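*Asks:* First the structure, which I've put down as structure tokens, then a few questions once you've had a look.
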Amino acid sequence: IPIADINTELVDKVNFSKVADYAISLMNDFSSGKYDKIEIIYNQFRNAAIQILQTEQYLPVPKAASSIQKKKGNTSSTVHDFIFEPSKEEIVKELVPKSLKVQLFKAVLDSIASEHGARMTAMHKATDNATELLRVYRIQYNKARQTAITNEILEIVGGAEALKG
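The opening position of the sequence shown corresponds to residue -7 in this note's numbering, with each subsequent residue numbered one higher.
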């Protein structure tokens, strides 16, 4: 699958309007037929030590599980008829673009949080390693210093004995 676009500018200075504009351009490109399918790939933040690489279908919007079950003939779930005001089509026309903007913004925020978590974990490990190195070097320094002091004392005592004798 060829990658048509990579946008890393969205995470430089996170801004919902910038992400929303990019989402609109993706929707327009999809509507015009430039792309058959759009997937977003990002790091999902779990915690500072765990980030999960995610791939989500962005466009066309995946169908909900309930509508897929109805098509397969699984009618175990109760289906309710609702009256929509305005019409279902108008609601979908209004909500889908907003939902797609928020979905893309969430992916950007997750990626940023994942990056900060990974950096925080790396810095914590670096600090621990530096502390351990400092402890090792301090012991080596003290041993060398003690050896130098002992040798100096031995020379002084040896010189004093030579003068006596």
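The beta-carbon is built from N, C-alpha and C at its ideal position, and this holds for glycine as well. Only a predicted model underlies this, so the values are computations on that prediction, with no experimental measurement involved.
Output yes or no for whether 9 Å exceeds the beta carbon distance between Leu227 and Leu45.
*Replies:* The question about residue 227 has no answer, for the chain in this structure spans -7 to 157.
*Asks:* Which first and last residues belong to the beta strand (DSSP E) in which Ile(-5) is found?
*Replies:* That residue, Ile(-5), is in no beta strand (DSSP E); it is neither H nor E in DSSP.
*Asks:* Excluding five sequence neighbours on each side, which residues of the same chain lie with their C-beta closer than 7 Å to the C-beta of Phe76?
*Replies:* Excluding positions up to five away in sequence, the list reads Ile83.
*Asks:* If we count the other Cβ atoms within 10 Å of its Cβ and call it buried at 16 or more, is Ile32 buried or exposed?
*Replies:* Classification for Ile32: buried.
*Asks:* What does DSSP give as the partner residue(s) for Asn34 in the beta ladder?
*Replies:* Residue 34 is actually Tyr in this sequence, not Asn. Note: Tyr34 sits in a beta bridge opposite Gln46.
*Asks:* Buried or exposed for Gln49, please, with buried defined as at least 16 other CB atoms from any protein chain shown within 10 angstroms of its CB.
*Replies:* The residue in question, Gln49, is exposed, as its Cβ has fewer than 16 Cβ neighbours within 10 Å.
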